[in-house]
Amino acid sequence: MSRNKVSGWLQRCALGAALAAMAFSASFAAHAAEMKVGANIGNVPWEFQDAKGDTVGFEVDLANEIGKRLGMDVTFVNIPFTGLFAAVQSGQIDAAVSSITITPKRLESVAFAQPYYDSDQSLTVKADSGITNLKGMAGKVVGVDTGSTGDMYATKHMDEDKFSDVRKYEGLAPAMLDLAAGRIDGYISDIPALQYYVKDKPIYKVVERIPTGERYSMMFAKNSPLLTKVNDEITKLKQDGFIAKLHEKWFGAKPEDTTSTVMKADIPKL
């Protein structure tokens, strides 16, 4: 092979290698620019499907805006609530939402950005049941979402509130169907979700707020590189009023200035 041919061959090899490197880099960049967010779709008004089949909700809007500001494409992955914890830990997803309460126990194995919503639990019954509070659930069957703070409450207070049984569900919709059918007598879950759900369904009634002092946030694996970035964006979204506007959009009222929806907070730690 002549010197010119060798030189040309080397140039072609170098060009090919450069193009391959560029393709790999572009592929990696595209991958790095995606944020997979796990969610228990059907958790109104946080993440659910509308009449057109689109995934919508308070946390959907929030996650999409965070992704937009970080230059990342957000993809939602439908996962049952109890599966969200293992999914972030294993790296199956980058983050998780679903009105997830920050608790010391959960902070032992996962991380959270600063909270953006303050909540409590609630008891919902059929409007014609005659049950007006937790005392009326004595000897009756209560439904909860598996692994939720409602589940934790009902299990802890089963003897005190004298429930005859605690039945566990994967989401609000199947629990409410069983409540309507009389297979359970009450349902304990997050009060904002229930207030939103029953507002146009007179068959149901939220009869008691159960104070639990919960705060919701996005969940990550420990040491996730996204944690600080997302937390910083949540701070900005509070400061420019974006999250407060989401509260008005989904709950029809402005948030109080003393709540996590408005006030900047630190990343939760044990």
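Quick note on my numbering: the sequence shown kicks off at 1355 and runs consecutively. We put the CB at the ideal spot given by N, CA and C, even for glycine.
- Take the alpha-carbon of F1517 and the one of K1583: they are about 44 Å apart.
- The three-state secondary structure of D1586, taken from DSSP, is helix.
- For E1419, the enclosing alpha helix (DSSP H) begins and ends at F1412 to L1424.
- Scanning R1569, L1581 and S1502 for the CA closest to the CA of I1542 turns up S1502.
- Relative to G1437, the option among E1587, V1428 and S1452 whose CA is nearest is S1452.
- Listed in chain order, the non-local C-beta contacts of T1615 below 7 Å within the same chain comprise Y1470, Y1471, I1597, A1598, H1601 and P1609, local neighbours out to five positions each way being set aside.
- Look at the beta carbons and you see the region 1560-1577 touching the region 1448-1467: at least three pairs across the two are nearer than 8 Å.
- The region 1539-1554 makes no contact with the region 1439-1447, as fewer than three CB pairs between them are under 8 Å.
- Counting only runs of at least 4 residues, the region 1519-1600 fully encloses the following alpha helix (DSSP H) elements, listed from N- to C-terminal order: 1526-1535, 1545-1552 and 1580-1593.
- Taking a cut-off of 8 Å for Cβ pairs, the region 1545-1556 and the region 1476-1493 touch, as three or more such pairs fall below it.
- In this chain, the alpha helix (DSSP H) harbouring Q1443 covers G1437 to S1444.
- Restricted to the region 1477-1518, the beta strand (DSSP E) segments that are unbroken, complete and at least 3 residues in length are 1495-1499, listed in chain order.
- Taken atom to atom, the span from the alpha-carbon of R1537 to that of I1433 is near 25 Å.
- Less than 8 Å divides the Cβ of G1411 from the Cβ of W1400.
- About 4 Å separates the beta carbons of D1539 and K1494, which is inside the 8 Å limit, making them a contact pair.
- The shortest C-alpha to C-alpha distance from V1498 to any of A1508, I1621 and K1489 is the one to A1508.
- A residue is called buried when at least 16 other Cβ atoms come within 10 angstroms of its Cβ; L1581 meets this threshold and is buried.
- Looking only at M1617, G1484, M1572 and A1607, the smallest Cα-Cα distance to N1418 is reached by M1572.
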